[in-house]
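J.: Just so you know, the sequences run in chain order A and B. Take the first sequence: its position 104, counting from 1, is numbered 104 in full-length UniProt numbering, and each next residue is one higher. Take the second sequence: its position 93, counting from 1, is numbered 93 in full-length UniProt numbering, and each next residue is one higher.
2 protein chains.
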Amino acid sequence: MEELATEKEAEESHRQDSVSLLTFILLLTLTILTIWLFKHGRVRFLHETGLAMIYGLIVGVILRYGTPATSGHDKSLSCTQEDRAFSTLLVTFDPEVFFNILLPPIIFHAGYSLKKRHFFRNLGSILAYAFLGTAVSCFIIGNLMYGVVKLMKIVGQLSDKFYYTDCLFFGAIISATDPVTVLAIFNELHADVDLYALLFGESVLNDAVAIVLSSSIVAYQPAGLNTHAFDAAAFFKSVGIFLGIFSGSFTMGAVTGVVTALVTKFTKLHCFPLLETALFFLMSWSTFLLAEACGFTGVVAVLFCGITQAHYTYNNLSVESRSRTKQLFEVLHFLAENFIFSYMGLALFTFQKHVFSPIFIIGAFVAIFLGRAAHIYPLSFFLNLGRRHKIGWNFQHMMMFSGLRGAMAFALAIRDTASYARQMMFTTTLLIVFFTVWIIGGGTTPMLSWLNIRVGVDPDQDPPPSNDRNRTKQESAWIFRLWYSFDHNYLKPILTHSGPPLTTTLPTWCGLLARCLTSPQVYDNQEPLREEDSDFILTEGDLTLTYGDSTVTANGSSGSHTASTSLEGSRRTKSSSEEVLERDLGMGDQKVSSRGTRLVFPLEDNF
Amino acid sequence: MEELATEKEAEESHRQDSVSLLTFILLLTLTILTIWLFKHGRVRFLHETGLAMIYGLIVGVILRYGTPATSGHDKSLSCTQEDRAFSTLLVTFDPEVFFNILLPPIIFHAGYSLKKRHFFRNLGSILAYAFLGTAVSCFIIGNLMYGVVKLMKIVGQLSDKFYYTDCLFFGAIISATDPVTVLAIFNELHADVDLYALLFGESVLNDAVAIVLSSSIVAYQPAGLNTHAFDAAAFFKSVGIFLGIFSGSFTMGAVTGVVTALVTKFTKLHCFPLLETALFFLMSWSTFLLAEACGFTGVVAVLFCGITQAHYTYNNLSVESRSRTKQLFEVLHFLAENFIFSYMGLALFTFQKHVFSPIFIIGAFVAIFLGRAAHIYPLSFFLNLGRRHKIGWNFQHMMMFSGLRGAMAFALAIRDTASYARQMMFTTTLLIVFFTVWIIGGGTTPMLSWLNIRVGVDPDQDPPPSNDRNRTKQESAWIFRLWYSFDHNYLKPILTHSGPPLTTTLPTWCGLLARCLTSPQVYDNQEPLREEDSDFILTEGDLTLTYGDSTVTANGSSGSHTASTSLEGSRRTKSSSEEVLERDLGMGDQKVSSRGTRLVFPLEDNF
């Protein structure tokens with residue numbers, strides 16, 4: 001009998017889980033249909049994520065206030081049952097679900113769909129914004145919030161404990177920007193590509209930084225419970241943990257990517273796109289699990305795995321697998337993202353332990369504004385000292401404006417809502433996400449025109465002439481040039497079917513190894529079209545390194561880039577138009593800089 | 001402190017989960033690489049599922065026997081930790097995971113990828129094999145096993161309880177055939193299409209029948225604990241439950257499919273394939289959840305949803321969405337299936353509560369053989385009385401041979417392993433799956449040639465002349481003709497962009513409604529190519545119904561089918577070659593039968 005009872009209970013809970021999931025699926029379906037209506041009507045002020053949030057909010061309001069009011073006395077039984085079902089709506093999703101199931105595809109997709117060309121051109125600035133900027137922002141927000149907390153204690157609005165490390169933790173989770181709305185609009189309006197790269201790169205990397213930063217702060221906490229005294233040992237331990245986790249996760253991601261590249265290079269799975277796609281998916285997923293199993297951060301590993309996969313493995317895939325993998329992760333990303341945003345909307349009214357503290361909330365809004373300002377403007381100033389293409393004031397204002405918070409901040413906040421302080425943070429984070437997604441999402445288009453940022457940019461055009469063109473290549477970052485040539489001469493030939501043959505780049509005593517590793521490329525000469533295709537994506541103008549003269553000649557021989565384009569133009573397929581576009585842009589940059597020097601590295605341009 | 005301890009524990013369990021999943025992912029990766037090697041070498045005797053099972057088995061053996069032997073005394077700490085990690089390998093996966101996560105994509109894919117033309121031509125026989133056949137097989141196996149159990153009690157091999165309903169339950173779970181291996185080989189060798197349709201249709205539907213049958217038997221059990229006495233009320237209750245669950249699940253699946261078709265018809269999402277694919281995915285998933293939430297069987301609902309989606313929604317999708325949805329479910333299906341088979345391999349050595357009973361196992365092998373024989377031969381005899389194209393002896397032998405058991409039998413067996421009887425069933429099921437997958441998988445190719453079944457069939461060819469052609473159309477199932485004309489004249493025009501306009505098929509007083517529902521088709525005339533495309537897939541030769549004369553003329557005018565093929569040949573794209581093939585086959589059949597009658601229904605042929 002008891003067994004039967006537990007079986008019934010299990011059945012009931014299973015049914016409730018189904019109802020919860022079903023609610024979310026219907027929410028997403030509604031969102032999709034409304035997005036379609038919006039896209040049909042070319043509405044731009046509200047992004048799909050904002051919409052998902054609104055629908056979640058509406059359902060949340062209905063669940064919270066609607067159900068008891070609408071149901072009469074006669075339906076009391078069915079109503080309580082329904083209530084019970086809906087109260088499980090939030091319980092069904094363990095916060096870990098966000099980290100283990102929903103975030104990985106989002107982050108992987110970000111890495112995989114990264115527009116490498118513009119990303120790498122601005123890598124220095126992006127790294128500075130993501131690492132230094134996030135740290136600065138975290139520190140400033142943390143300290144400001146500590147002031148707010150002190151104030152609350154004086155006013156008598158705060159009874160429970162709220163440590164300095166809690167404030168820093170809040171600074172860390174709220175520093176992760178997520179300009180999904182902004183970038184969607186940028187994409188649609190064809191806004192300036194460098195600004196796009198800066199914003200995208202920063203937001204992708206600062207997610208990773210925020211995760212690692214927040215877990216380092218948590219690790220700092222137990223050692224320094226009396227947080228007023230600064231514990232140098234614990235601080236350095238935290239810094240060590242940060243560096244350890246970050247580099248460990250980075251290595252895991254990169255290594256899995258490299259292994260996948262090698263596997264796809266040497267087993268030619270081209271004829272079996274299903275196998276290839278499945279392998280790609282499994283290897284990418286295993287990165288996440290591997291990192292988690294080793295105590296690193298899976299999400300960070302997945303990001304770097306995505307970047308590596310896009311940089312190397314992508315070139316080894318068959319044409320069909322390329323579109324398959326892209327589409328697969330696109331769908332997963334879309335579903336996961338909209339799910340998170342509906343969940344956020346729902347959580348505002350159905351989460352049980354909200355702590356609304358007006359002072360804290362107002363303080364937080366001020367703090368994130370100041371934190372963002374202290375991060376963007378000074379860093380841009382320093383970066384402009386080294387950059388050839390300055391980051392203009394309008395770009396800086398736009399970056400300042402685009403600091404909206406999204407899925408990552410929410411996922412970090414919901415991960416632990418046990419203590420009073422954490423609940424307050426969660427509520428505040430939720431409100432910040434709502435506010436920034438709606439206001440910034442709606443304000444992007446007006447802001448772009450107000451700041452005079454170029455839209456409808458034809459990427460084939462030359463970039464607008466910057467003020468000082470008389471700098472020489474010595475100014476550019478030699479370390480990236482080094483990496484670039486190493487990547488081009490050794491990594492790409494080893495890991496993919498492109499680049500110069502290893503037999504020419506490796507020293508003679510490595511002859512055997514070189515021939516062994518280069519061999520598939522030689523076999524591949526039977527299919528020249530594919531080779532050509534991968535060149536399109538891979539070389540990115542770095543032909544200058546090996547075949548420098550011919551490229552310079554091609555660029556020099558014509559004002560526009562028709563000469564270099566027509567070189568392989570006859571073999572070009574429609575699907576590679578994006579790559580063509582990227583390549584042409586690369587050539588454009590080169591040409592501009594080649595007025596000063598003869599042999600140029602495309603990377604040095606915008607550091 | 002306590003909080004810290006539980007946090008550490010949670011972290012540890014999370015890490016173990018990661019390791020478990022990682023093990024499976026590595027297993028799948030290994031499987032994929034080996035499949036590639038096999039396909040490369042054109043090895044056919046071992047299917048990927050058999051391979052996945054072998055790898056699972058090897059890892060299971062290593063985990064069971066390898067780990068204590070290889071680890072020295074000095075590594076005892078890490079070893080026990082590892083042991084603990086691996087013992088969770090099976091615990092990690094709740095049996096419900098199979099039903100809620102792994103089976104739905106497999107079953108949906110089966111429904112979605114169903115070759116409609118051949119399936120519907122043989123629908124009568126398929127339904128008979130699936131419903132009657134599975135019931136017969138279940139009953140016979142159940143009774144034989146009851147005899148075996150009695151014998152075991154006499155011999156003293158069985159101490160615990162083993163009821164008659166347990167035996168029937170075993171009959172139900174082991175009656176679900178899964179000829180994934182056979183069909184893969186059929187596909188590769190282009191074996192006879194009708195045999196393929198019969199096997200595929202039977203195995204897809206009998207999965208559904210087995211699920212519902214087994215849960216009806218479980219529902220029967222509590223009422224009749226004293227199972228020796230036949231309880232008529234409980235029996236009819238079980239039958240009622242069977243019919244209720246089956247029809248409810250069927251309705252759910254069909255309704256969700258129809259809703260999706262309507263949504264995709266009226267919102268023209270063509271320009272946004274991502275939205276379309278996401279919507280399709282969500283709606284299909286919601287079927288499963290909806291059915292589970294209502295107490296029906298999600299897997300069965302998903303099957304019929306897949307069939308409906310393929311029949312209606314598919315035609316409303318854009319070309320890109322078609323390939324996207326197909327590829328998405330193909331990948332999911334592939335991963336889920338191989339996961340289940342690796343898991344099976346692993347379970348043989350790592351499952352803790354195996355009950356190996358030689359008598360039961362031998363008895364089960366004999367029983368499934370006899371059950372399959374009692375199911376195939378008599379049914380085929382009766383079906384042949386009504387069929388124009390007889391199911392020959394070689395087909396019957398092949399169907400008899402192809403009764404291998406797979407994922408569904410395993411999933412049903414692992415769902416409940418609490419009692420001694422269920423544990424014995426689980427062990428036996430596992431062995432039966434292993435044996436049949438390997439032996440039958442390896443024996444299919446020799447068996448095909450031994451039974452003189454046509455391979456390398458060119459589907460354009462006429463089917464071989466059967467013995468009695470002098471029957472008239474009255475013999476064919478009028479109910480299917482009725483359904484077919486209803487489907488063609490009303491459902492397809494309402495739900496898709498094809499078929500005759502409703503204004504011509506509906507009575508005049510429905511004029512307004514008809515115009516309202518037909519309107520998108522009229523708008524669609526702007527894109528004639530797409531219309532043509534959907535015609536390729538949809539009409540399946542049922543043009544005879546509305547434009548009968550012209551089709552008959554086309555068929556009559558030429559010995560081969562070049563006339564009808566060339567009608568739209570100029571607009572044909574490469575991707576629709578499969579549909580072309582199906583259509584041509586349809587025409588072929590029609591021509592053969594049109595010697596007797598002038599206006600023919602393609603469906604009546606092979607019932």
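C-beta atoms are modelled at their ideal positions from N, C-alpha and C, and glycine is treated no differently.
Hey, how far is the Cα of Val180 of chain B from the Cα of Phe410 of chain B?
T.: Distance between the alpha carbons of Val180 of chain B and Phe410 of chain B: 14 angstroms.
J.: Comparing the C-beta of Leu21 of chain B with each C-beta of chain A, is any distance below 7 angstroms?
T.: Chain A, which has a Cβ nearer than 7 angstroms to the Cβ of Leu21 of chain B, makes this yes.
J.: Which of helix, strand or coil does DSSP assign to Arg422 of chain A?
T.: Looking at Arg422 of chain A - three-state DSSP - the assignment turns out to be helix.
J.: Cβ of Phe119 of chain A less than 7 angstroms from any chain B Cβ?
T.: Taking Cβ atoms only, chain B never reaches closer than 7 angstroms to Phe119 of chain A, which makes this a no.
J.: Assess, as a yes-or-no matter, whether the segment 351-371 of chain B is touched by the segment 440-457 of chain B under the definition of 3 or more beta carbon pairs within less than 8 angstroms.
T.: No: fewer than three Cβ pairs fall under 8 angstroms.
J.: Would Asn452 of chain B be called buried (16 or more neighbouring beta carbons within 10 Å of its own) or exposed?
T.: By the 10 Å Cβ count, Asn452 of chain B comes out exposed.
J.: Under the criterion of a Cβ to heavy atom distance below 6 angstroms, does Leu332 of chain B qualify as lining the ligand GDP?
T.: The ligand GDP is not part of this structure, which contains no ligands at all.
J.: Go ahead and pull the three-state DSSP assignment for Arg415 of chain A.
T.: Reduced to three states, the DSSP call for Arg415 of chain A is coil.
J.: Do we get a CB-CB distance below 7 angstroms when we pair Glu188 of chain B with the residues of chain A?
T.: Answer no: the Cβ-Cβ gap between Glu188 of chain B and chain A never drops below 7 angstroms.
J.: Tell me which residues of the segment 285-314 of chain A have at least one Cβ-Cβ distance to chain B shorter than 9 angstroms, keeping chain order.
T.: Within the segment 285-314 of chain A, the residues whose Cβ lies closer than 9 angstroms to some Cβ of chain B are Trp285, Ser286, Phe288, Leu289, Leu290, Ala291, Glu292, Ala293, Cys294, Gly295 and Gly298, listed in chain order.
J.: Measuring straight from C-alpha to C-alpha, what distance separates Ala373 of chain A and Phe381 of chain A?
T.: Distance between the alpha carbons of Ala373 of chain A and Phe381 of chain A is about 12 angstroms.
J.: Need the endpoints of the alpha helix (DSSP H) that Thr260 of chain B sits in, please.
T.: First-last of the alpha helix (DSSP H) with Thr260 of chain B: Ala232 to Phe266.
J.: Give me the chain D residues within the contact set of Ser18 of chain A, using Cβ-Cβ distance strictly less than 7 angstroms, ordered along the chain.
T.: No chain D is part of this structure, whose protein chains are labelled A and B.
J.: Pop quiz: Leu27 of chain A and Tyr55 of chain A are said to be a contact at Cβ under 8 angstroms. What is the actual Cβ separation, rounded to whole angstroms?
T.: Leu27 of chain A to Tyr55 of chain A, Cβ: 5 angstroms. Contact.
J.: In terms of residue numbering, what span does the alpha helix (DSSP H) encompassing Phe351 of chain A cover?
T.: No alpha helix (DSSP H) holds Phe351 of chain A; DSSP gives it neither H nor E.
J.: Measuring straight from C-alpha to C-alpha, what distance separates residue 655 of chain A and Ile106 of chain A?
T.: There is simply no residue 655 of chain A to check, as chain A begins at 1 and stops at 607 in what is shown.
J.: Three-state secondary structure (DSSP) at Arg405 of chain A?
T.: In this structure, Arg405 of chain A counts as strand in the three-state DSSP scheme.
J.: From the DSSP output, read off the bridge partner residues of Thr177 of chain B.
T.: Paired residues: B:Arg405.
J.: Run down chain A in chain order and give the residues with a C-beta less than 9 angstroms from the C-beta of Gln327 of chain B.
T.: Neighbours of Gln327 of chain B on chain A, chain order: Pro273, Leu274, Thr277, Glu320, Ser323, Arg324, Gln327 and Leu328.
J.: Give me the chain A residues within the contact set of Trp36 of chain B, using Cβ-Cβ distance strictly less than 7 angstroms, ordered along the chain.
T.: Chain A residues near Trp36 of chain B: Thr267, Leu269, Phe272 and Leu275.
J.: Return the chain-ordered list of same chain residues with a C-beta closer than 6 angstroms to the C-beta of Leu127 of chain B, the five sequence neighbours on each side being excluded.
T.: Contacts found: none.
J.: List, in order along the chain, the chain A residues whose C-beta lies closer than 9 angstroms to that of Val331 of chain B?
T.: In chain order: Leu274, Thr277, Ala278, Phe281, Arg324 and Leu328.
J.: Nearest chain A C-beta to Thr29 of chain B closer than 7 angstroms, yes or no?
T.: Yes, Thr29 of chain B counts as interfacial toward chain A.
J.: Here's the rule I'm using: 16 or more other beta-carbon atoms within 10 Å means buried, otherwise exposed. How should Phe236 of chain B be labelled?
T.: Answer is exposed; the Cβ neighbour count stays below 16.
J.: Using the beta-carbon count (16 or more within 10 Å), is His311 of chain B buried or exposed?
T.: So His311 of chain B ends up on the buried side.
J.: Would you report the Cα separation of Glu276 of chain A and Lys265 of chain A, rounded to the nearest angstrom?
T.: Roughly 11 angstroms between the two C-alpha positions.
J.: Tell whether a beta-carbon distance below 7 angstroms holds between Ser249 of chain B and Ala291 of chain B.
T.: Yes, the pair counts as a contact, with Cβ atoms nearer than the cut-off.
J.: What distance in whole Å lies between the Cβ atoms of Met145 of chain A and Ile359 of chain A, which are believed to be in contact at a cut-off of 8 angstroms?
T.: Actually they are not in contact, since the Cβ atoms of Ile359 of chain A and Met145 of chain A sit about 11 angstroms apart, beyond 8 angstroms.
J.: Assign His40 of chain A to one of two classes, buried (16 or more other C-beta atoms within 10 Å of its C-beta) or exposed (fewer than that).
T.: Classification of His40 of chain A: exposed, given that the 10 Å Cβ count is below 16.
J.: Going by beta carbon distance, what residues of the same chain come within less than 6 angstroms of Ala254 of chain A, once the five residues before and after it are set aside?
T.: Correct list, in chain order: Phe304 and Thr308.
J.: Can you say whether Cys138 of chain B is buried or exposed, counting buried as having 16 or more other CB atoms within 10 angstroms of its CB?
T.: Buried, since its Cβ has 16 or more Cβ neighbours within 10 Å.
J.: Please determine, among B:Val212, B:Ser498 and B:Ala293, the residue with the shortest C-alpha to C-alpha distance to Thr134 of chain B.
T.: Thr134 of chain B has its Cα closest to that of B:Val212, out of B:Val212, B:Ser498 and B:Ala293.
J.: Does the separation of the CB atoms of Met447 of chain B and Phe401 of chain B fall below 7 angstroms?
T.: Contact: yes.
J.: Straight-line CA distance for Val204 of chain A to Gly257 of chain B?
T.: Each residue's alpha carbon lies about 38 angstroms from the other.
J.: Thinking C-alpha only, which one of B:Gly406, B:Ala301, B:Tyr490 and B:Tyr484 is nearest Glu337 of chain B?
T.: If we check each option's Cα against that of Glu337 of chain B, B:Gly406 comes out closest.
J.: Here's the rule: buried if 16 or more other CB atoms are within 10 angstroms of the residue's CB, otherwise exposed. What is Ala278 of chain A?
T.: Buried, because 16 or more other Cβ atoms sit within 10 Å of the Cβ of Ala278 of chain A.
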